[in-house]
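> In the numbering used here, the protein residues as written are -11 to 746.
(1) With distances taken between CB atoms, is the gap from residue 345 to residue 330 smaller than 9 Å?
(2) Smallest Cα separation from residue 701: which of 61, 314, 40 and 463?
(3) Can you tell me which residues form a DSSP beta bridge with residue 270?
(4) Report yes or no: do three or more beta-carbon pairs, one from the segment 494 to 513 and one from the segment 523 to 533, lie closer than 8 Å?
(5) Less than 8 Å between the CB of residue 645 and some heavy atom of the ligand ATP, yes or no?
(6) Output the distance between the C-alpha atoms of residue 140 and residue 160, rounded to the nearest integer angstrom.
(7) Output the boundary residues of the beta strand (DSSP E) element that contains residue 415.
(8) Mapping the DSSP letters down to three states, classify residue 726 as helix, strand or coil.
(9) If contacts are defined as beta-carbon pairs under 8 Å, then residue 460 and residue 421 qualify, I think. What distance do you get, rounded to the angstrom?
(10) Hey, residue 476 and residue 360 are a contact pair by Cβ (cut 8 Å); roughly how many whole angstroms apart?
(11) Examine the Cβ distances between the segment 364 to 380 and the segment 674 to 682 and report whether three or more of them are shorter than 8 Å.
(12) What does the alpha-carbon distance come out to for the pair residue 90 and residue 264?
(13) Excluding the 5 residues preceding and the 5 following residue 716 in the sequence, name in chain order all residues of the same chain whose CB lies nearer than 8 Å to its CB.
(14) Verify whether the separation of the beta carbon atoms of residue 280 and residue 210 is less than 9 Å.
(15) Taking residue 70 as part of the beta strand (DSSP E), name the residues at either end of that continuous run.
(16) Can you tell me which of the three DSSP states residue 31 falls into?
(17) Could you round the C-beta distance between residue 358 and residue 398 to whole angstroms and report it? I think they count as a contact, below 8 Å.
(18) Using a Cβ distance threshold of 8 Å, determine whether the segment 43 to 57 contacts the segment 116 to 135, with at least three qualifying pairs required.
(19) In chain order, what residues of the same chain lie with their CB nearer than 8 Å to the CB of residue 570, ignoring the 5 residues before and after it?
(20) Do residue 725 and residue 642 have their C-beta atoms within less than 9 Å of each other?
(21) Note down, in chain order, each residue of its chain lying with its Cβ closer than 6 Å to the Cβ of residue 749, except the 5 sequence neighbours on either side.
(22) Of the residues 81, 638, 83 and 112, which one's Cα is nearest the Cα of residue 50?
(23) Would you report the Cα separation of residue 495 and residue 674, rounded to the nearest angstrom?
(24) Determine the extent of the beta strand (DSSP E) in which residue 588 is found, giving its start and end residues.
(25) Please classify residue -9: is it buried, with 16 or more other beta-carbons within 10 angstroms of its beta-carbon, or exposed?
(26) Do residue 563 and residue 595 have their CB atoms nearer than 9 Å?
(27) Just how far apart, CA to CA, sit residue 320 and residue 177?
(28) Can you give the Cα-Cα distance for residue 487 and residue 706, rounded to whole angstroms?
(29) Since residue 186 and residue 219 are thought to touch, with beta carbons under 8 Å apart, how far apart are those beta carbons, to the nearest angstrom?
(30) Using C-beta distances below 6 Å, list every residue in its chain close to residue 604, excluding the 5 sequence neighbours before and after it, in chain order.
(31) Per DSSP, residue 213 is paired with what?
(32) Rounding to the nearest angstrom, what Cα-Cα distance links residue 223 and residue 175 in this structure?
(33) In the DSSP assignment, the alpha helix (DSSP H) including residue 494 goes from what residue to what residue?
(34) Roughly how many whole angstroms lie between the Cα atoms of residue 292 and residue 284?
(35) Going by the CB atoms, is the gap between residue 121 and residue 136 shorter than 9 Å?
(36) Tell me which residues share the same chain as residue 609 and place their Cβ nearer than 6 Å to its Cβ, disregarding the 5 neighbours each side in the sequence.
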């Protein structure tokens, strides 16, 4: 409530008695006399309270806010009262009593108020006696001092020696007593600086770290954080600091709890929890700490630290400045994509399907950028070397455009199948082989964006895997016609109970099967693998076809295998029958130039020619026999007596030269019967590529079928052509040199029950 008052006569008398008739200046305001306005120096003997309602603050912050509230309040008394309080508290001279006070004056006043509080030199509610009071001058919108004795609840600020520096009556906010203002506060202004040091993996300073250094780092890198405190003021002061760490996107607010970046321990500081005194202009490195980026850190993760501290200045004594300008390490890309191509086999024949698989290895710790990829499949001529792995360089053509996918695939560390968007997630290409034997079908995978070391463009824009290739080969077949195929038993004295039959077979594109087979039964004391009976090729041992006349065909995993002792069968090699004949040196013989006879040769021999009509020739050879030309019988006979009989018995090997296409007769060898001479180290379609037809029978320790004829062509009929054909002719029953000279007698030399042939 406002109060208009008049100075009592006793007071006036006291004034005149005490100071005489002329006005006297106040000790705290030397440029103004009693009842003269503080700002305008006008005389006004009456007035009211300085602030309506007084001031009842209990701490510096409330006091500052209350005074500033009046300063920005309605004209005129409240504003003038606030201006009067601020200027008298800082002791402004007459020429500096700005209305309103400048911001510099207000800041100075706030620092003095807070300094008084934190140093314990303020009492917010105490009764004191006074002899000097103040008032608001209504007539001049000013304020002045006058003598007045009393006691009142007051806010009192003290000098360092304990004397009163400044006092305000709480009830009316009137300044009391002589005043030169509050002692000035030290002018220190603390600031913090945080820096980061380490290997920069890419672009420097990002926008979110204005004025600080920022690093792009890789998982596993070590960075160093440096934290400085600066005093930019004109006086020294104490502050208390601490380091803070958090993701860069955290918004600092006074009440916010700062989050700790994943994997970052608290930064180590001195044992004294960060109290430091800095003189004007001084700075000090208050903390240095190293930090290793986690090995599994994700791209885009940030690891930040900054410095926080208080006091920052006397006008902000309790504020902790958690700087939003942090020093940060941001994890960027570090990856290295290696494409690979593999194939499910190294050799394939025309019409077969092969499967190429493509995958990627990421040798880096971070996920890759989205990458482009494509596959490259080509057929190359014989002798062409596969292309090696390649970075950048020429584009490999032709690309399979249907397999190109752009910007949709990322790969983490380790091995991954290249994704083609299928449910399996694996990139495969199934190719049907079509080409000439000796050619290669090669495939490689290509990747873009394969090398990432920063946010900048990668240094390797495209990378190709080494080519993986399938050689187009032939898998020639053998056909046994007119009889059975038997493996095992061996010759007398060396009976073998584990011989096997192993050939090849495949399914053609029309679903039919091509492969090796016998017209009747197949018997082996070892296993039978991919060899068919009943004149049907066998490609699936578990299937219904190709094993009808195979002994032990009830077990698909063990076709054949008649190796138990009771089923052993030793073959008569007929050597003993002719071994007593004196031996003569071997040589080269044309059977057409010789009549009938039986010969025993101690060395190697070679044979060729057409057998004479009705001739019987038996050769026992202690060494090897080489067939250098066709051995043929006449095409037509007028009687049984005209059927020739050629029998070759070798203690060594029988080898057929590549130009031989027909052999008629019975051929027995304790060694190997080989259909290609000389036996090559690496077969090709240009070696032993004639079909060999044997009309008769072959008994051997081992058959080496090396002819390369057939199993190819433009249609499936041609692809079923065999390389060797063994025809068991009726002539073997009707007349041969082992049955004796009586051509009218058919003798059984062996008997075996067979399954029926329909």
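Glycine is no exception: its CB is placed at the ideal position from the N, C-alpha and C atoms.
Note that this is a predicted model, so its numbers are computed, not measured.
Taking the structure as given:
(1) What you label residue 345 is simply residue 357 of the chain shown in a count that begins at 1. What you label residue 330 is simply residue 342 of the chain shown in a count that begins at 1. Contact flag set, yes.
(2) Along the chain shown, one-based indexing puts residue 701 at 713. Ranking 61, 314, 40 and 463 by Cα distance to residue 701 puts 463 first.
(3) Position 282 of the chain shown, counted from the start, is the residue given in the question as residue 270. In DSSP, residue 270 forms no bridge with anything.
(4) yes
(5) The ligand ATP is not part of the structure shown, which contains no ligands of any sort.
(6) Here the question's residue 140 lines up with position 152 in the chain shown. Here the question's residue 160 lines up with position 172 in the chain shown. In a straight line, the C-alpha of residue 140 is about 10 Å away from that of residue 160.
(7) Within the chain shown, residue 415 is the residue found at index 427, counting from 1. Unbroken beta strand (DSSP E) run through residue 415: 415 to 420.
(8) Taking the first residue of the chain shown as 1, we reach residue 726 at position 738. In this structure, residue 726 counts as coil in the three-state DSSP scheme.
(9) Position 472 of the chain shown, counting from 1, holds the residue named residue 460. Position 433 of the chain shown, counting from 1, holds the residue named residue 421. Going by Cβ atoms, the distance from residue 460 to residue 421 rounds to 6 Å, so yes, they are a contact pair.
(10) Start at 1 with the first residue of the chain shown, and residue 476 comes out as number 488. Start at 1 with the first residue of the chain shown, and residue 360 comes out as number 372. With a Cβ gap of about 59 Å, residue 476 and residue 360 do not count as contacting.
(11) no
(12) Here residue 90 corresponds to residue number 102 of the chain shown, with the count starting at 1. Here residue 264 corresponds to residue number 276 of the chain shown, with the count starting at 1. Taking the straight line from one Cα to the other gives about 32 Å.
(13) Here residue 716 corresponds to residue number 728 of the chain shown, with the count starting at 1. Here the set comprises 468, 469, 470, 471, 684 and 685.
(14) Translated into positions along the chain shown, residue 280 becomes position 292. Translated into positions along the chain shown, residue 210 becomes position 222. The answer is yes: Cβ separation under 9 Å.
(15) Here residue 70 refers to the residue found at position 82 of the chain shown. Secondary structure note for residue 70: it is in no beta strand (DSSP E), and the uninterrupted alpha helix (DSSP H) holding it is 65 to 78.
(16) Start at 1 with the first residue of the chain shown, and residue 31 comes out as number 43. Strand, per DSSP.
(17) For the purposes of this step, residue 358 is taken as residue 370 along the chain shown, with counting starting at 1. For the purposes of this step, residue 398 is taken as residue 410 along the chain shown, with counting starting at 1. Yes, they are in contact, since the Cβ atoms of residue 358 and residue 398 sit about 6 Å apart, within 8 Å.
(18) no
(19) For the purposes of this step, residue 570 is taken as residue 582 along the chain shown, with counting starting at 1. Excluding positions up to five away in sequence, the list reads 588.
(20) As a working note, residue 725 is residue 737 in the chain shown. As a working note, residue 642 is residue 654 in the chain shown. Result no, Cβ atoms of residue 725 and residue 642 do not sit closer than 9 Å.
(21) Because the chain in this structure spans residues -11 to 746, residue 749 falls outside the shown range and cannot be described.
(22) For the purposes of this step, residue 50 is taken as residue 62 along the chain shown, with counting starting at 1. Comparing Cα positions, the closest option is 112.
(23) Mapped onto the chain shown, residue 495 falls at position 507. Mapped onto the chain shown, residue 674 falls at position 686. One C-alpha to the other measures close to 25 Å.
(24) Position 600 of the chain shown holds residue 588. Residue range 585 to 589 is occupied by the beta strand (DSSP E) that includes residue 588.
(25) Your numbering for residue -9 matches position 3 in the chain shown. Residue placement at residue -9 is flagged as unreliable, the pLDDT there being 35, under the threshold of 50; the coordinate-derived value follows with that caveat. Per the 10 Å Cβ criterion, exposed.
(26) Within the chain shown, the letter at position 575 stands for residue 563. Within the chain shown, the letter at position 607 stands for residue 595. Cβ distance not < 9 Å, so residue 563 and residue 595 don't count as in contact.
(27) Your numbering for residue 320 matches position 332 in the chain shown. Your numbering for residue 177 matches position 189 in the chain shown. About 37 Å.
(28) The residue labelled residue 487 in the question sits at position 499 within the chain shown. The residue labelled residue 706 in the question sits at position 718 within the chain shown. So the two alpha carbons sit approximately 31 Å from each other.
(29) Along the chain shown, one-based indexing puts residue 186 at 198. Along the chain shown, one-based indexing puts residue 219 at 231. Their Cβ separation, rounded to whole angstroms, is 28 Å, which puts residue 186 and residue 219 out of contact at 8 Å.
(30) For this step, residue 604 is matched to residue 616 along the chain shown. So the qualifying residues of the chain are 584, 633 and 725.
(31) The sequence position of residue 213 within the chain shown is 225, counting from 1. Note: residue 213 sits in a beta bridge opposite 184 and 277.
(32) Taking the chain shown and counting its residues from 1, the one referred to as residue 223 is at position 235. Taking the chain shown and counting its residues from 1, the one referred to as residue 175 is at position 187. Residue 223 and residue 175: Cα-Cα distance of roughly 5 Å.
(33) Working through the chain shown from its first residue, we reach residue 494 at position 506. It is not in any alpha helix (DSSP H) - residue 494 instead sits in the beta strand (DSSP E) that spans 493 to 495.
(34) For the purposes of this step, residue 292 is taken as the residue at position 304 of the chain shown. For the purposes of this step, residue 284 is taken as the residue at position 296 of the chain shown. Cα to Cα, residue 292 sits roughly 17 Å from residue 284.
(35) Start at 1 with the first residue of the chain shown, and residue 136 comes out as number 148. Start at 1 with the first residue of the chain shown, and residue 121 comes out as number 133. The answer is yes: Cβ separation under 9 Å.
(36) On the chain shown, position 621 is the one that residue 609 refers to. Closer than 6 Å at the Cβ level, and outside the excluded window around residue 609, lie 589, 593 and 638.
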